[in-house]
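J.: Whatever position you read off the sequence shown (first residue = 1), add 46 for our numbering.
Note that beta-carbon positions come from the ideal geometry of N, C-alpha and C, so glycine has one too.
This is the structure I want to talk about, given as structure tokens.
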Amino acid sequence: MDSEKKALLELIKNYKPADENEQAFKLKMIDLLAYENCFERSLLHAHFTASAWVVDERREHALLLHHAKLDKWLQLGGHADGDANLLRVAQKELEEESGATGFTLLSTEIFDLDIHNIPERKGIPTHDHYDVRFCFKGSLLNTLNKNHESKDLAWIPLAEITKLCNGNDSIMRMVNKTLANNGNLSV
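Structural data, given as structure tokens:
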């Protein structure tokens, strides 16, 4: 196991899940690391992805995109494409999908874990994304430029996310963590 994969294993092992779902995700992620190509889309049943949960300075808004393919509001993120350093992947995806820089990483520790199913599309079978999420801070004044992967990109007030995301458990867990740890999102 290479050093970046070992580092991710330690990050996941040291992560304190918020609930039973996250505990199950944690154990499954540890198991997925046994696959040599777990960071590649070529592992068809499941592979690692990374996301950035981005909040504003006052922790009242989150930066979300309206995903073009999935037609859902989601946090920014994407495929690892062979990179075992998922923090680096999350940062890269954040900058690519927002068209902006200047975001501040709030902690090198994992903020959230999630496993979600991606439906079959264009010959790619249904599969699971094992998503490792890190928390960043950004400015509401940042100029944002959505890319081809999204229909929209916006700072959404936390209070409005439930309605916008139809109560998506994964998104709501991150909203609740943000509200519970308002002063310290590194926990």
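Pick out whichever of ILE58, ASN67, GLU195 has its Cα sitting closest to the Cα of GLU142.
T.: The candidate whose alpha carbon is nearest that of GLU142 is GLU195.
J.: Would ASN131 and ALA53 be called neighbours here (beta carbons separated by less than 9 Å)?
T.: A contact, by the Cβ cut-off of 9 Å.
J.: Buried or exposed: where does THR95 fall if 16 or more other Cβ atoms within 10 Å of its Cβ makes it buried?
T.: By the neighbour-count rule (16 or more Cβ atoms within 10 Å), THR95 is buried.
J.: Count the other C-beta atoms from every protein chain shown that fall within 10 angstroms of the C-beta of HIS107, then say buried if there are 16 or more, exposed otherwise.
T.: Buried: at least 16 other Cβ atoms inside 10 Å.
J.: Just curious, the alpha helix (DSSP H) that ALA136 is in, first and last residue?
T.: Per DSSP, ALA136 belongs to the alpha helix (DSSP H) from 132 to 144.
J.: For ARG104, verify whether its CB is less than 8 Å away from any heavy atom of the ligand COA.
T.: The ligand COA is not part of this structure, which contains no ligands at all.
J.: Are the beta-carbon atoms belonging to SER144 and LEU109 less than 9 Å from one another?
T.: A contact, by the Cβ cut-off of 9 Å.
J.: Mind checking whether LEU18 and ILE76 have CB atoms under 9 Å apart?
T.: Nothing in the structure corresponds to residue 18, since the chain is present only between 47 and 233.
J.: Looking at C-alpha atoms only, which residue of ILE170, TRP119, TRP201 is the closest neighbour of ARG104?
T.: Out of ILE170, TRP119, TRP201, TRP201 has the C-alpha closest to the C-alpha of ARG104.
J.: Report all residues from its chain with a CB closer than 6 Å to the CB of ASN191; omit the five preceding and five following residues, and keep chain order.
T.: The answer, listed in chain order, is GLY145.
J.: Quick one: using the 10 Å Cβ neighbour count with 16 as the cut-off for buried, is MET47 buried or exposed?
T.: Exposed, by the Cβ-count rule.
J.: Can you give me the start and stop residues for the alpha helix (DSSP H) that ALA226 sits inside?
T.: ALA226 -> alpha helix (DSSP H) spans 215 to 226.
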